[in-house]
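Read in order, the letters of the sequence shown are residues 41 to 254 in the working numbering. Worksheet: the structure to be examined is printed underneath.
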Amino acid sequence: VTFIPPVTEIITYCCLQLQWPSKLFFSRMLLLNYLGKIGPKTPLMAAATFSVGWNTFACSESLEKPLNWLLFNYYLTTCLQSSVNKHRHMFVKQIDMDHVMKAKSIREFDKRFTSVMFGYPTIDDYYTDASPNHRLKSVAIPVLCLNSVDDVFSPSHAIPVETAKQNPNVALVLTSHGGHIGFLEGIWPRQSTYMDRVFKQFVQAMVEHGHELS
């Protein structure tokens, strides 16, 4: 969520060299951190994010509540451990992999693996750099951000509402329900979700009227 240089190169190559006119997909937090750091220099016309974790500290605290830890945190931690353990021979010289495999939460995993892997002095340094909330003010293209206030991965008190109000390029849409990447509609939600509809409308508006913003 913080490794910006390769993202900059990928976006520049796809937009300017390949001239891809449609869409690119990146991690939500990585995309916002990129847009906040590069500002008006981005070749992207617009961007949309869904269920962003705005403040990594707050996200971790929410996921460490007993029920959330039981339902989500521990399982996701084991998934992360399984992913890196497949390639542990690549990390053993730099990282204590046995210690990593004993992590019981995402925060412990990040402290023992992620922050070390990317050269951060402490996990607090990593989490501060990973949080896109303090870079939102520097976003210089139209960005739609859809979040639900009942998302345990992104608690409502950490959503940067006031910062979004101060940046005319940012449209922050909050729903009462929707969870994390859910936004289901109806009693029997088998069709497109609210997230699908909002994304379609945003893309259509950018294609048809984006030139008016330049």
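Each residue gets a CB set at the ideal place from its N, CA and C atoms; glycine is no exception. Please read all numbers here as calculations on a predicted model, not as lab measurements.
So, helix, strand or coil for residue i, using DSSP?
i: M212; result: It is worth fixing the name first, because residue 212 is Leu in this sequence and not Met. Note: L212 maps to strand in three-state DSSP.
i: N125; result: helix
i: N187; result: strand
i: A98; result: helix
i: F65; result: Per-residue confidence for F65 stands at a pLDDT of 47, beneath the threshold of 50, marking its modelled position as unreliable; the derived number appears in the next sentence. It is coil, neither helix nor strand.
i: Y167; result: helix
i: R10; result: Limits of the chain in this structure are 41 at one end and 254 at the other, which puts residue 10 out of reach.
i: G79; result: helix
i: A198; result: helix
i: F112; result: helix
i: L120; result: helix
i: H174; result: helix
i: M157; result: helix
i: L84; result: coil
i: P182; result: coil
i: E252; result: helix
Could you please give the first and the last residue of the uninterrupted beta strand (DSSP E) stretch that includes residue i?
i: T89; result: 87 to 90
To the nearest angstrom, report how far apart residue i and residue j are at their CA atoms.
i: L224; j: V189; result: 14 Å
i: S194; j: K144; result: 20 Å
i: Y167; j: I221; result: 22 Å
i: Q121; j: P200; result: 31 Å
i: L84; j: V140; result: 37 Å
i: V124; j: A98; result: 25 Å
i: F149; j: L253; result: 43 Å
i: L176; j: A86; result: 14 Å
i: T117; j: H217; result: 26 Å
i: S178; j: K81; result: 11 Å
i: Q241; j: L214; result: 16 Å
i: F153; j: K77; result: 25 Å
i: H303; j: V243; result: Residue numbering for the chain in the displayed model covers 41 to 254; residue 303 lies beyond these limits and cannot be assessed.
i: I103; j: A180; result: Sequence check: residue 103 is Leu here, not Ile. If you take the alpha carbons of L103 and A180, they lie about 31 Å apart.
i: F79; j: A198; result: Looking at the sequence itself, residue 79 is Gly, so the reference to Phe does not match. One C-alpha to the other measures close to 23 Å.
i: P182; j: V210; result: 6 Å
i: F90; j: F112; result: 19 Å
i: M137; j: P229; result: 42 Å
i: S232; j: D165; result: 39 Å
For the alpha helix (DSSP H) holding residue i, just list the boundary residues, first then last.
i: D136; result: D136 -> no alpha helix (DSSP H), and no H or E assigned at all.
i: M235; result: 234 to 249
i: F14; result: Any property of residue 14 remains undetermined from this structure, which presents the chain solely from 41 to 254.
i: A204; result: 201 to 205
According to the neighbour-count rule (16 or more other Cβ atoms, all chains shown, within 10 Å of its Cβ), is residue i buried or exposed?
i: T162; result: exposed
i: Y74; result: buried
i: G159; result: exposed
i: L72; result: buried
i: K126; result: exposed
i: P172; result: buried
i: R68; result: buried
i: T110; result: Thr is not the amino acid found at residue 110; the sequence shown has Leu there. By the neighbour-count rule (16 or more Cβ atoms within 10 Å), L110 is not buried but exposed.
i: A88; result: buried
i: R147; result: buried
Just to check, is the beta-carbon of residue i closer than 6 Å to a non-hydrogen atom of the ligand FMN?
i: P200; result: Looking for the ligand FMN in the displayed structure turns up nothing, as the structure carries no ligands at all.
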